[in-house]
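Protein chains in written order, with the working numbering: chain A, 1 to 204; chain B, 1001 to 1204.
Heads up, the beta-carbon is just placed ideally off N, CA and C, and yes, glycines get one too.
Notes follow once the structure below has been shown.
There are 2 protein chains.
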Amino acid sequence: MTSAQPATAKGRETRERIIRAAASLVAERGVLGTSLDDVRARAHASKSQLYHYFADRDDLMRAVARAASDDVVGGQAGLFERLDTIDGLRAWAQALVTLQHTRNAKGGCPIGSLAGQLAEQDEGARLELADGLDRWETAIRQGLERMAARGELHPGADPSALAQNTLAAVQGGLLLTQVRRDPNQLRSALNGAMKAILAARAVS
Amino acid sequence: MTSAQPATAKGRETRERIIRAAASLVAERGVLGTSLDDVRARAHASKSQLYHYFADRDDLMRAVARAASDDVVGGQAGLFERLDTIDGLRAWAQALVTLQHTRNAKGGCPIGSLAGQLAEQDEGARLELADGLDRWETAIRQGLERMAARGELHPGADPSALAQNTLAAVQGGLLLTQVRRDPNQLRSALNGAMKAILAARAVS
DNA sequence: AGCGGACTGGACTGGCCGGTCCAGTGTGTG
DNA sequence: CACACACTGGACCGGCCAGTCCAGTCCGCT
Chain A
1 MTSAQPATAK GRETRERIIR AAASLVAERG VLGTSLDDVR ARAHASKSQL
51 YHYFADRDDL MRAVARAASD DVVGGQAGLF ERLDTIDGLR AWAQALVTLQ
101 HTRNAKGGCP IGSLAGQLAE QDEGARLELA DGLDRWETAI RQGLERMAAR
151 GELHPGADPS ALAQNTLAAV QGGLLLTQVR RDPNQLRSAL NGAMKAILAA
201 RAVS
Chain B
1001 MTSAQPATAK GRETRERIIR AAASLVAERG VLGTSLDDVR ARAHASKSQL
1051 YHYFADRDDL MRAVARAASD DVVGGQAGLF ERLDTIDGLR AWAQALVTLQ
1101 HTRNAKGGCP IGSLAGQLAE QDEGARLELA DGLDRWETAI RQGLERMAAR
1151 GELHPGADPS ALAQNTLAAV QGGLLLTQVR RDPNQLRSAL NGAMKAILAA
1201 RAVS
């Protein structure tokens, strides 16, 4: 059974409120550190509302995984448009690093954190997270492909591989940032990824 | 209060057995998915033994984090010795990829997984994991430094930055591998890191 | 042998947690 | 306006879980 889709505006709002409450609690305390009573309290909802909109706890967590994917990828939408220039890539990388500074290097990447907690426990959640990573990597790849189409990368360059390595650098850099409480870990990892992209530029 | 150090050989063995049982359960079910009763059963120990050797649940999990660090870093000791040659680096990278194949791309990196579950909850555990990552990165850096000392890297090369980026590639690659259930994600990320090292070789 | 501390077994407790249930109240439609 | 159904409140239950407690047993040492 999957989550019941609300039939009214009010229902949709309640469902959203539950997911947002659950997502914020999960970000603070982790998946298993979040009880349905906690969610119920923060969402100002009752137990039966939770079970009206979600089949069970796992179903709710799947919705949280999807919401986290949407937030992370959606939050970068404006920056994604400019990933077809070196300046745009730098601006995007800088935004990620700045965000880690404002967060005091805490929390890491919501997708990455959830991956460690859900990937081995719930196949549906794993697929939601994989979808988020795919959308993220696609945005990077498409930026590089637009550069290639304009002849700004040399013919042998592989936008797919560069995008995949860049995403790996983001995730790895964020993990090191989180464990070491040092945003420079992400900056350095992104510098490395940037170098690979710069090396793929066409000699003009 | 920290864990009581056993005074006898028998005590040391019991303590070890508990940590191993806890570590394997945590690897299977996650930190909060593992109850002390589970640990007690798998370790063939009693509740009072758990509380004799560990102050509380968090203290045990800190010991698990340390054991995971030791296992991951210790398990690569033989490969670390040869990180001062391109062949040695390739062998090390290949071993990591092969391990993911044999594990069917499941589980990710024990240190990385625990990071997502413990880093924000328990400062002591975070420090144990940071220590594991430091030892790992140091091994890579020292290999590159030996290459540099032999004049095989060009003078501008930065072994510290290369080692840090390589570790980020490993962690990011493992996360992508785990979420996508595809060991090639790690292989590709390591290829990227390798390229950066190859580009830093002295022109001979 | 016998002392003291390290070590062990396992019953017990109070609280929390996922999930159920039912008696309602709102609300859009015919 | 009335009917059906979406939605809501909250009491309740059985099970699990971290942590406590005490009555022991083992073991090194003198």
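Listed by chain order, chain B residues near R126 (chain A) by CB distance under 7 Å: Residues of chain B with a Cβ closer than 7 Å to the Cβ of R126 (chain A) are, in chain order, V1179.
Under 8 Å between the Cβ atoms of I1019 (chain B) and A1065 (chain B)? The answer is no: Cβ separation not under 8 Å.
Cα separation between D1059 (chain B) and A1125 (chain B)? One C-alpha to the other measures close to 9 Å.
Contacting positions in the stretch 28-46 of chain A - beta carbon closer than 7 Å to chain B: The stretch 28-46 of chain A vs chain B, Cβ under 7 Å: G30, L32 and G33.
Need the endpoints of the alpha helix (DSSP H) that P110 (chain A) sits in, please. Taken as a continuous stretch (DSSP letters only), the alpha helix (DSSP H) holding P110 (chain A) covers P110 to L118.
Cβ closer than 8 Å: which chain B residues qualify as neighbours of L167 (chain A)? Neighbours of L167 (chain A) across chain B, judged by C-beta separation under 8 Å: G1172 and L1176.
For E137 (chain A) and L167 (chain A), I'd like the C-alpha separation in whole angstroms. Distance between the alpha carbons of E137 (chain A) and L167 (chain A) is about 6 Å.
Cβ contact check for the stretch 174-193 of chain A and the stretch 1178-1190 of chain B: 3 or more pairs under 8 Å: Verdict: no, contact absent.
DSSP on R62 (chain A), reduced to helix/strand/coil? Assigned with DSSP and collapsed to three states, R62 (chain A) falls in helix.
Can you tell me whether L1190 (chain B) is helix, strand or coil according to DSSP? Of the three classes helix, strand and coil, the one that applies to L1190 (chain B) here is helix, per DSSP.
So which residues on chain A does S1188 (chain B) lean against when the C-beta distance must stay under 7 Å? The contacting residues are A161, Q164 and N165.
Give the DSSP-derived three-state secondary structure of R146 (chain A) in the structure shown. If DSSP states are grouped into helix, strand and coil, R146 (chain A) belongs with the helices.
Give a yes or no on contact between the stretch 96-107 of chain A and the stretch 1087-1097 of chain B, applying the rule of three or more CB pairs nearer than 8 Å. In short, these stretches do not touch, since the Cβ pair count stays below three.
Alpha carbon to alpha carbon, how far is A1161 (chain B) from E128 (chain A)? Give it in angstroms, no decimals. Whole-angstrom Cα-Cα distance: 33 Å.
Does the stretch 1106-1115 of chain B come close enough to the stretch 1018-1032 of chain B to have 3 or more Cβ pairs within less than 8 Å? Three or more Cβ pairs drawn from the stretch 1106-1115 of chain B and the stretch 1018-1032 of chain B lie within less than 8 Å of each other, which places the two stretches in contact.
Mapping DSSP to helix, strand and coil, what is R201 (chain A)? Strand, per DSSP.
Could you tell me which uninterrupted alpha helix (DSSP H) segments, each at least 4 residues in length, are contained entirely in the stretch 1019-1085 of chain B, listed from first to last along the chain? Runs found: 1036-1042, 1047-1053, 1057-1074 and 1077-1080.
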